[in-house]
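Visitor: I have a structure I would like to understand better, so I am pasting it below and will then ask my questions one at a time.
Residue numbers (this note's numbering): 116 to 221.
Take a look at the structure:
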């Protein structure tokens, strides 16, 4: 992708179930207009792949679903404010935002 002015291309990696649902393989590239935040990445992801609406965030509240986690490298960003800037490595394309479907059980 060749981004336009004020646009940043970021990479996102989804868990297998969401990749299958969206019909994508591996990572997806998203063009983010403005600040690169968790909210802007998720909004762009849902706009590009509408079938994902409600799978990562609750449709009504916009809050992260309980068994979804977000990572950049080894940093868990699951409880970071959605409006906080993502690490610079994401904005530079060096790291992907990784969405993980957490597992639970005994």
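Note that beta-carbon positions come from the ideal geometry of N, C-alpha and C, so glycine has one too.
Quick check on residue 210: buried or exposed, where buried means 16 or more other Cβ atoms within 10 Å of its Cβ?
Guide: It is buried - the Cβ of residue 210 has at least 16 other Cβ atoms within 10 Å.
Visitor: Is the CB-CB distance between residue 157 and residue 172 below 9 Å?
Guide: In this structure, residue 172 lies closer than 9 Å to residue 157 by Cβ.
Visitor: One question on the structure: do residue 126 and residue 143 come within less than 9 Å of each other, judged by their Cβ atoms?
Guide: Against a cut-off of 9 Å, the Cβ pair of residue 143 and residue 126 comes out as a contact.
Visitor: I need the boundaries of the alpha helix (DSSP H) containing residue 161, first residue and last residue.
Guide: Per DSSP, residue 161 belongs to the alpha helix (DSSP H) from 153-163.
Visitor: If we call anything under 9 Å between Cβ atoms a contact, is residue 164 one with residue 217?
Guide: Result no, Cβ atoms of residue 164 and residue 217 do not sit closer than 9 Å.
Visitor: Hey, quick one: how far does the alpha helix (DSSP H) through residue 205 stretch, first residue to last?
Guide: Note, residue 205: alpha helix (DSSP H), 203-206.
Visitor: When burial is assigned at 16 or more other CB atoms within 10 Å of the CB, is residue 155 buried or exposed?
Guide: Its Cβ being crowded by 16 or more others within 10 Å, residue 155 is buried.
Visitor: From the DSSP output, read off the bridge partner residues of residue 210.
Guide: In DSSP, residue 210 forms no bridge with anything.
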